[in-house]
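Protein chains: 2
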Amino acid sequence: MARTASQTKLASAKGRPKGDKRERTRAALIEAAGQVIGEKGFERASLEEVAARAGMTRGAIYGNFKSKEELLLAFVGTHWRPLAPPLKKGAPLKEQLRIIARATAQAADERRAIAVGALSFQIYALTHEAVQREMAAGNVHIYRAIEKALAEFIDPAELPMPLGRFVRVLHALSDGLMFQRFLDPDQFPDAVFISAFEALAP
Amino acid sequence: MARTASQTKLASAKGRPKGDKRERTRAALIEAAGQVIGEKGFERASLEEVAARAGMTRGAIYGNFKSKEELLLAFVGTHWRPLAPPLKKGAPLKEQLRIIARATAQAADERRAIAVGALSFQIYALTHEAVQREMAAGNVHIYRAIEKALAEFIDPAELPMPLGRFVRVLHALSDGLMFQRFLDPDQFPDAVFISAFEALAP
DNA sequence: ATCATAAAATACATTGATGTATAAAATACA
DNA sequence: TGTATTTTATACATCAATGTATTTTATGAT
Chain D
92 MARTASQTKL
102 ASAKGRPKGD
112 KRERTRAALI
122 EAAGQVIGEK
132 GFERASLEEV
142 AARAGMTRGA
152 IYGNFKSKEE
162 LLLAFVGTHW
172 RPLAPPLKKG
182 APLKEQLRII
192 ARATAQAADE
202 RRAIAVGALS
212 FQIYALTHEA
222 VQREMAAGNV
232 HIYRAIEKAL
242 AEFIDPAELP
252 MPLGRFVRVL
262 HALSDGLMFQ
272 RFLDPDQFPD
282 AVFISAFEAL
292 AP
Chain U
92 MARTASQTKL
102 ASAKGRPKGD
112 KRERTRAALI
122 EAAGQVIGEK
132 GFERASLEEV
142 AARAGMTRGA
152 IYGNFKSKEE
162 LLLAFVGTHW
172 RPLAPPLKKG
182 APLKEQLRII
192 ARATAQAADE
202 RRAIAVGALS
212 FQIYALTHEA
222 VQREMAAGNV
232 HIYRAIEKAL
242 AEFIDPAELP
252 MPLGRFVRVL
262 HALSDGLMFQ
272 RFLDPDQFPD
282 AVFISAFEAL
292 AP
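Each protein sequence line maps, in turn, to chains D and U.
Per this note's numbering, the very first residue in the first sequence carries number 92; after that it's consecutive.
Per this note's numbering, the very first residue in the second sequence carries number 92; after that it's consecutive.
#1: Do we get a CB-CB distance below 8 Å when we pair leucine 184 (chain D) with the residues of chain U?
#2: For methionine 226 (chain U), report the span of its alpha helix (DSSP H) as first-last.
#3: Which of the three DSSP states, helix, strand or coil, is assigned to threonine 95 (chain U)?
#4: Look at the Cβ atom of methionine 252 (chain D), then the Cβ atom of threonine 195 (chain D), and state whether they are nearer than 8 Å.
#5: For glycine 208 (chain U) versus phenylalanine 133 (chain U), is the C-beta distance shorter than 8 Å?
#6: Within its chain, find whatever has a CB closer than 8 Å to the CB of arginine 149 (chain U); leave out the 5 residues flanking it on each side and keep chain order.
#7: Is it the case that the Cβ atoms of phenylalanine 244 (chain U) and lysine 180 (chain U) are separated by a distance below 8 Å?
#8: At the 8 Å Cβ level, is histidine 262 (chain U) part of the contact set with chain D, yes or no?
#9: DSSP three-state call for aspartate 266 (chain D): helix, strand or coil?
#10: With a 10 Å radius around its C-beta and 16 neighbouring C-beta atoms as the bar for buried, classify isoleucine 205 (chain D) as buried or exposed.
#11: Take valine 258 (chain D) as the anchor and find which of D:Arg224, D:Asp275, D:Ala248 and D:Ala240 has the nearest alpha-carbon.
#12: Tell me which residues of the region 226-245 of chain U have at least one Cβ-Cβ distance to chain D shorter than 8 Å, keeping chain order.
#13: Are the C-beta of alanine 216 (chain D) and some C-beta of chain U separated by less than 8 Å?
#14: Report the three-state DSSP secondary structure of phenylalanine 212 (chain D) (helix, strand or coil).
#15: Of all the options D:Ile152, D:Leu250 and D:Val260, which has the alpha carbon lying nearest to the alpha carbon of glycine 267 (chain U)?
#16: List the whole-angstrom C-beta distance separating leucine 162 (chain U) from isoleucine 152 (chain U), where the pair is believed to meet the contact cut-off of C-beta under 8 Å.
#17: Using three-state DSSP, classify arginine 135 (chain D) as helix, strand or coil.
#18: Since serine 211 (chain D) meets chain U, which of its residues come closer than 7 Å, beta carbon to beta carbon?
#19: Check for me: the alpha helix (DSSP H) holding leucine 184 (chain D) runs from which residue to which?
#20: What first and last residue would you give for the alpha helix (DSSP H) that runs through alanine 287 (chain D)?
#21: Can you list, in chain order, the residues of the region 117-131 of chain U whose Cβ is nearer than 8 Å to any Cβ on chain D?
#22: Under 8 Å, with one C-beta from each stretch per pair, do the region 185-194 of chain U and the region 280-291 of chain U reach the 3-pair mark?
#23: So what does DSSP say about lysine 179 (chain U), is it helix, strand or coil?
#24: Tell me whether glycine 154 (chain D) sits in a helix, a strand or coil according to DSSP, three-state version.
#25: With distances taken Cα to Cα, identify the nearest neighbour of proline 276 (chain U) among U:Asp246, U:Ala199, U:Pro293 and U:Pro247.
#26: Mapping DSSP to helix, strand and coil, what is proline 251 (chain D)?
#27: Please list, in chain order, the chain D residues whose beta carbon lies closer than 7 Å to that of arginine 135 (chain U).
#28: May I ask whether a heavy atom of the ligand NAP can be found less than 7 Å away from the beta carbon of isoleucine 237 (chain D)?
Dropping the structure here:
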């Protein structure tokens, strides 16, 4: 029934107040949605709680979004970006993979809420065909982008498989490892991440 | 609001009718729960639909289970077993990994419902501390069992990391790959699974 | 300052779900 | 076959959530 203490306005001082209030409350709402999704999961996130978290009521939500789905989708669309690990040009594959491993492990810790939200949204997608298709299409673009980005840092000749496959495998492995670390951090310390990714270098 | 057509009694002819009806309806209910969870996800699975699917009403459920949670948990407890790929004694690591890859890909296709159910349950666990702890503890046992089983088929000296880590990595990778294949089968054909697992052999 | 417009709060209607209490039906047993 | 008991169905109370309609409040322009 809504925390009373932590009802802080999220988008308090982000820059100058500027003209478009609209955008600011939209952003605050989306941010709050992200928090709630991260805690409760995509399905059980309630608008009541989202609104309270942003210091407003549901009225504000329906003034800015058509439906619950639209708000939650807006969050996913806004905050869901692939990691960009700090790769080093010219370094050997194994080292690049170590960097990716560390970035993944770190992301699992620092952005748990977002990641849990993303994960739970994926489950949602799995049971909503239209959303699933949209998401699958989006992923294809992301893969392409990552392929391009990676091509600048690693030599395809060093890879144990075609670059396209490699990207997809990295994605699956990252997701799987993060997921398991959420469930039980003790069983998936950094060392496991590093071993896993390094093993992909022939 | 319940399909009227496909309301088939699931536990129709499984053996001789035998004395304990109790057990049979329990099983039928659990089975139906599995179906619904697989389609709707753990959170949105409704008792109404589960009961209808088993050709009964909610009355039967509450006569056999304390609550919704208990029924769903019963499903997870009953049907959630790790894969047992048909490994070959004495074969080189790479070949064993190929076998695991194929088994995983096949499982993704054949047991989609169960897997989606399991996945969505994991999300549920992530947002329910007690369940999460229980599940984490269970996983530790499973890891131990798999370690033992694997030790009979593969030579630790061939591994790129300690056996314990390797098992955990296999788990994370399988989960991640299956998840992605659910989302977009085209992007994760068998070949990707095979490349991914094979790459783990030094 | 006043008025028109937009944004947010409140009040309301509806829905879908769980869980309980009670009645009906099926089963086992004497 | 008749009765006690268990199992399932029905009816009911409750709750939490979404979405809509309406009112109040804030904002901006003239």
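For each residue, glycine too, the CB sits at the ideal point set by N, CA and C.
This is what the structure holds:
#1: no
#2: 220-242
#3: Low per-residue confidence applies at threonine 95 (chain U): pLDDT is 30, beneath 50, and the placement is therefore not dependable, though the value from the model is reported in the following sentence. In the structure shown, threonine 95 (chain U) sits in coil (DSSP, three-state: anything other than H, G, I, E or B).
#4: no
#5: yes
#6: Leu138, Glu139 and Ala142
#7: yes
#8: yes
#9: helix
#10: buried
#11: D:Ala240
#12: Met226, Ala227, Asn230, Val231 and Tyr234
#13: yes
#14: helix
#15: D:Val260
#16: 6 Å
#17: coil
#18: Ile214
#19: 184-201
#20: 281-289
#21: Glu130 and Lys131
#22: yes
#23: coil
#24: helix
#25: U:Ala199
#26: coil
#27: Glu134
#28: In the structure shown, the ligand NAP is absent, as is every other ligand, since no ligand is present at all.
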